[in-house]
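Below: one structure, written as structure tokens.
Chains as they are written, first to last, in our numbering: chain B, 1 to 22; chain E, 23 to 156.
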């Protein structure tokens, strides 16, 4: 069985990744 | 028949913050078992399993192909289920129980939301479609 996902929002993408997405 | 899981490449190190999460390193390859709209994806890597933020993953076979839905500029009405104060400038501060318009449902669990004349990112986890039962 799959556990419930964490109850907090996931972190935003790290800055180096955000640059890649632009 | 067999269930074929999608493989994703990890694009930045992620250190887990709770027991149900999985720590991964840049370049790791994981199989995604379940995707949630909240931006947490349940992954397995060798004999380990846990939740990983979708923002840290890109499809192994087609890294340039976007899986994102198109934005809906008319906005889809949602109610906020929790007070939220943004930590970044581009995040929206909204109290619980407010009505907002969802413009873009992003896979990373941070949706583009409009409230009045202000637009910003808001956690999908704290949104409930307007009209849906609690």
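From the three backbone atoms N, C-alpha and C, an ideal C-beta is built for every residue, glycine too.
Name the two residues that bound the continuous beta strand (DSSP E) containing residue i.
| i | result |
| --- | --- |
| residue 143/E | 140-145 |
| residue 66/E | 62-67 |
| residue 129/E | Careful: residue 129/E lies outside any beta strand (DSSP E) and carries neither H nor E. |
| residue 149/E | 149-151 |
| residue 29/E | 28-32 |
| residue 107/E | Taken as a continuous stretch (DSSP letters only), residue 107/E belongs to no beta strand (DSSP E), as it is neither H nor E. |
How would you call residue i, buried or exposed, if buried means at least 16 neighbouring beta carbons within 10 angstroms?
| i | result |
| --- | --- |
| residue 147/E | buried |
| residue 43/E | buried |
| residue 149/E | buried |
| residue 143/E | buried |
| residue 60/E | buried |
| residue 140/E | exposed |
From residue i to residue j, what does the alpha carbon distance come to, in whole angstroms?
| i | j | result |
| --- | --- | --- |
| residue 27/E | residue 72/E | 15 Å |
| residue 138/E | residue 57/E | 31 Å |
| residue 126/E | residue 15/B | 20 Å |
| residue 50/E | residue 63/E | 15 Å |
| residue 55/E | residue 112/E | 31 Å |
| residue 31/E | residue 122/E | 34 Å |
| residue 66/E | residue 7/B | 20 Å |
| residue 29/E | residue 52/E | 6 Å |
| residue 110/E | residue 23/E | 45 Å |
In chain order, what residues of the same chain lie with their CB nearer than 8 Å to the CB of residue i, ignoring the 5 residues before and after it?
| i | result |
| --- | --- |
| residue 22/B | Confidence at residue 22/B is low in this model, with a pLDDT of 44, below 50, so the placement of that residue should be treated as unreliable; the coordinate-derived value is given next. Once the five neighbours on either side are set aside, residue 22/B has no close Cβ partner at all. |
| residue 33/E | 48, 78, 79, 80 |
Spatial neighbours of residue i within its chain, please: CB distance less than 7 Å, with the 5 preceding and 5 following residues excluded, ordered by chain position.
| i | result |
| --- | --- |
| residue 145/E | 106, 131, 132 |
| residue 70/E | 44 |
| residue 37/E | 45 |
Hey, does residue i have any beta-carbon neighbour from chain C nearer than 8 Å?
| i | result |
| --- | --- |
| residue 81/E | The chain labelled as chain C is not found among the protein chains of the depicted structure, namely B and E. |
Does the segment 94-103 of chain E come close enough to the segment 112-129 of chain E to have 3 or more Cβ pairs within less than 8 Å?
Yes: the two stretches touch, three or more of their Cβ pairs being nearer than 8 Å.
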